[in-house]
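The numbering of the sequence shown is the numbering used here, which starts it at -13 and goes up by one.
Below is one structure, written out as C-alpha cells; the observations come after it.
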Amino acid sequence: MSVEPFDAVDVIRAKRDGGTVPEPALRWMIDAYTRGYVSDAQMASFAMAIFQRGMQRDEIRVMTDAMIASGERMSFASLGKPTVDKHSTGGVGDKITLPLAPLVAAFGVAVPQLSGRGLGHTGGTLDKLEAIPGWRAALSNEEIMAQLAGEVGAVICAAGTGLAPADKKLYALRDVTGTVDTIPLIASSIMSKKIAEGTDALVLDVKFGSGAFMRDVEDARELARTMVALGNDSGVATTALLTNMNVPLGFAIGNANEVRESVEILAGGGPADVRELTVELAREMLALAGQPDADVEAALDNGKAMDSWRKMIQAQDGDPDAALPVARETHTVVAASSGVVTRMEALPFGIGAWRLGAGRARAEDKIVFAAGIDLHAKPGDTVQAGDPLFTLSADDAARFDRALEAVEGAWTIEADGVADTGGPLILERITAN
Ligand code: URA
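Here it is as C-alpha cells:
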C-alpha cells in the first residue's frame, strides 16, 4: 500500500484557521477525494472551511487545475474550425442556450455545449430539451465530434462522466451541505469543466439578483473576474457579461414552455429580454471566434438560426415538429387591483415552478415536462383588476397550493408606480481580472 503524503485533517485545519493551503496539499486533497481516500465528511468540512474563509486567487487556480486533472481532457483541435461555448451561472426562465447554440453555429462556428440538469430552483438545459419527443442528451465523444464537424455544427448534450469527476462528486456534496454559493467553489466547479472540455473560447453569463446564486452585484462581479482570469490563464479566450436575474427571463418558466419560447426567438419573435440577451451573447461568442461584425439579428429574422436548430434537434433523434407536452391542470392568478406591475421577483417564481414539477427535489426525481409557470405580465406592464397575471401548470392540481405559497408576495402592482428591476438586463462586460 502506498503512503499518502498529507493528512486531510491538516488541510482542513489550515483552511479552517484562515490560512492558505499549499499547492501540493491542495492538489493531493482533490485527488485523494476523487479516489475515495478522503471521505465525504472530510471534504464537506473542507468545503465549509472554504465557504467561511474564502480562497486566494492562486488557491482557486490550483483547485481548478486539480479538478481538471481528475479526469479526461477533450480536444476539438481536429475540427479545423473555431469552437466557442457559453455558460450561465443559472437563473429562472434562463433558456438562452437553446436559441443561442444554433444561432452561433449558423455562422460556421462549432458550439460544444456540454450542459447540466437543474437542481433546486434553477432550470437545466438538458431537462428543457428532453421535453422534445425523442431528443437524446447522452452522446458518445465520437457522436459529439461528428455533429460539430458536420453541417449541424452545434451540440447540446450531457457532459460525459470522464470530465472533471472531482467536480461531479464535490458538487453533489456541496448541494447537500450548504456550500454551493461561494466564489472559490463555483468558479473552480464551472471552469474545471469548461477548460477540460477543450473549447477555444468561452462566454460566461454571470447572473446577479434574486434568482441567482450571487444576489449581490459586487459578488457576481468578483465571480466573473475570477472565472475570466482562470479561463484566459488556461488558454481559453474568456469574456463575461454581468446580467440581471432579479426578474424571470421571458414569460416561460419550466421546460416544455421554455422550449416553445426559444422557438419563438428562433422564428424572429419572442420576448424582448430573451432576444436581447441571446443577441448580445451571440455577438460576444462570434467576436471571440473572429467574426465581430456578424449580423446576428438577421440570422434570427431570416430563418438561418431556425434551420440550424432543426438540424441540431434531429441529429439527436428529436422531432422539431412534434407537439410538446401540455399540462392536465392549470390555475390562473389575476391582478387584484389596476396599476403598473412594479416588481416580479425571480426566486419565488423559480421555486413555484419547481414545486409544480418542473424541477427535482432529489436527483432521482422525474421532471414533469409540461409543468411550470407562464407569466402574462412583467414589470413595467399596466394591468387592470381581473387581468391574468400568470398561469400555473401541473399534472396534479394538488401541487398548486405549495406553488402559490412560494409566489405569495413576489409581485407588486402600484397605481402610479415605476418598475424596479434592480438595474439593466446587461450591466457590464468583463474581459480581464
Ligand atoms: N454551476 C456549476 O457547474 N457549478 C457551480 O458550483 C454552480 C453552478
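Ideal Cβ placement from N, Cα and C applies to all residues, glycine included.
Everything numeric in this text was worked out from a predicted model, so none of it was measured.
Q | Simplified DSSP state of Lys155, which is helix, strand or coil | A | In this structure, DSSP gives Lys155 a helical state, which the three-state scheme calls helix.
(Q) Please report the straight-line C-alpha distance between Ala182 and Gly94, rounded to a whole angstrom. (A) So the alpha carbons of these two residues sit roughly 23 Å apart.
Q.
If you measure from each CB to the nearest heavy atom of the ligand URA and keep those under 5 Å, what residues do you get, in chain order?
A. Here the residues come out as Ile172, Ser175 and Ile176.
Q: Pick helix, strand or coil for Glu315, following the three-state DSSP scheme.
A: The answer is strand: DSSP assigns Glu315 an E or B state.
**Q.** Assigned secondary structure, Pro485 (DSSP; H/G/I helix, E/B strand, else coil)
**A.** Because the chain spans -13 through 419 in this model, residue 485 falls outside it and cannot be assessed.
**Q.** Option in Gly5, Leu65, Leu12 and Thr83 with minimal Cα separation from Glu266
**A.** Nearest C-alpha to Glu266: Thr83.
Q. For Ser220, which residues of its own chain have a beta-carbon under 7 Å away from its beta-carbon, when the five flanking residues on both sides are left out?
A. Result list for Ser220: Ile181, in chain order.
**Q.** Through-space distance from Thr318 to Thr377, alpha-carbon basis
**A.** Distance between Thr377 and Thr318, taken at the CA atoms: about 4 Å.
Q. In chain order, which continuous runs of the beta strand (DSSP E) of length 3 or greater are located wholly inside the stretch 300 to 374?
A. Entirely contained in the stretch 300 to 374, the beta strand (DSSP E) runs reaching 3 residues are, in chain order, 315 to 320, 325 to 330 and 358 to 361.
(Q) Using a Cβ-Cβ cutoff of less than 6 Å, which residues in the same chain neighbour Arg261 once the five nearest sequence positions on both sides are dropped? (A) Contacts found: Ile251.
Q) How many Å lie between Trp295 and Ala401 at the Cα? A) Looking at the two C-alpha atoms, the distance is approximately 43 Å.
Q | Within-8 Å CB hit, Ala242 to chain B | A | This model lacks chain B altogether; it includes just one protein chain.
Q | For Gln42, three-class secondary structure by DSSP | A | Note: Gln42 maps to coil in three-state DSSP.
Q) Just how far apart, CA to CA, sit Tyr19 and Ile130? A) Between Tyr19 and Ile130, the C-alpha separation is close to 29 Å.
Q: Return the CA-CA distance between Thr185 and Pro98, expressed in angstroms with no decimal places.
A: Rounded to the nearest whole angstrom, the C-alpha separation of Thr185 and Pro98 is 7 Å.
Q. Is Ile239 closer than 8 Å to Gly358 when the C-beta atoms are compared?
A. Judged by their CB atoms, Gly358 and Ile239 are nearer to each other than the 8 Å cut-off.
Q. When you compare only the Cα positions, how much space is there between Phe37 and Asp360?
A. Near 36 Å, if we compare the C-alpha coordinates of Asp360 and Phe37.
Q | DSSP state of Val192 mapped onto helix, strand, coil | A | DSSP, read as helix, strand or coil, puts Val192 in strand.
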